[in-house]
Structures are given as C-alpha cells and as structure tokens.
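Peer 1: I have a structure I would like to understand better, so I am pasting it below and will then ask my questions one at a time.
Printed below as a string of structure tokens:
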C-alpha cells in the first residue's frame, strides 16, 4: 500500500453497504476537521432552514477545508454526521445523495449517522465531522 492508497475493509461474506464503506486502511498524514454545519462560513449565518440545502452547504464546507489542506474527497477515511431530524433526513435522502455525489463523487468512506436532540447552533440541522489521510 502506498501513501495515496486506501483499502476498503469488508469480509467476503458480508453484504455490501450502500453509500458507505464498513472500514478502511490508509497511511499518510492525518487531516481532522471540526464538525461543519450548513451555514455560510464567510458570514457565519444560515441562508436556509431546508435540511437538504443545509447538508449540501455542510458538505461544501468540508470540501473547502479538504482543499485548504491539499486533500481531495478521495482522501476521506471517515465521516460522522450528527442530525437533528430523523424524518427530514430520511425524506431528503435522494437530494442528500445527489449533493454528496456532486461534491465528493463516488468515494464512500466509513460513515456514521447519529440522531441528536440539538446542535450548538440553534438553526443547524446537521453537523458533519471529517477525517482524511493525505499521501506521505
């Protein structure tokens, strides 16, 4: 394995997950991002209360920070989503998936989605933490 490679982990007798990978092995320099919410990071203001649009903005914020680190979405090794509204998440899966593919392509690192009662920013509907590994 070279520094730019990542190897998905999946026992052969497990069903393939949809939209994520069960595990990944990677080597290189670690990039850890704080949770990103669906606001405009230049103004620290929300432009919408729509769930899917906030997800798209949070993902765009992750992508911008990856770029700042010299990373690309293919370097992601972990995403953790904190979501305040389970029903909105499930109802928006198609739009969320489209935004994800637009920004990150078909790279699906290990992901967890946690449903929480609230986030620090009152209008935030989603917060996404990201970890990436850059090649040595």
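In full-length UniProt numbering, the protein residues as written are 1 to 136. Ideal Cβ placement from N, Cα and C applies to all residues, glycine included.
What separation, rounded to the nearest whole angstrom, lies between the Cα atoms of residue 40 and residue 12?
Peer 2: 42 Å
Peer 1: What separation, rounded to the nearest whole angstrom, lies between the Cα atoms of residue 105 and residue 66?
Peer 2: 14 Å
Peer 1: Whole angstroms is fine: what's the gap from residue 14's alpha carbon to residue 108's?
Peer 2: 17 Å
Peer 1: Excluding the five sequence neighbours on either side, which residues of its own chain have a C-beta within less than 8 Å of the C-beta of residue 84, listed in chain order?
Peer 2: Non-local beta-carbon contacts of residue 84 in its own chain, meaning distances under 8 Å to residues more than five positions away in sequence, involve 115, 116, 117, 118, 119, 124, 125 and 126 in chain order.
Peer 1: Which same chain residues end up closer than 8 Å to residue 7 when comparing Cβ atoms and leaving out the 5 residues on each side of it in sequence?
Peer 2: 1, 24, 25 and 26
Peer 1: Compare the C-alpha of residue 76 against each of 10, 21 and 16 and name the closest.
Peer 2: 21
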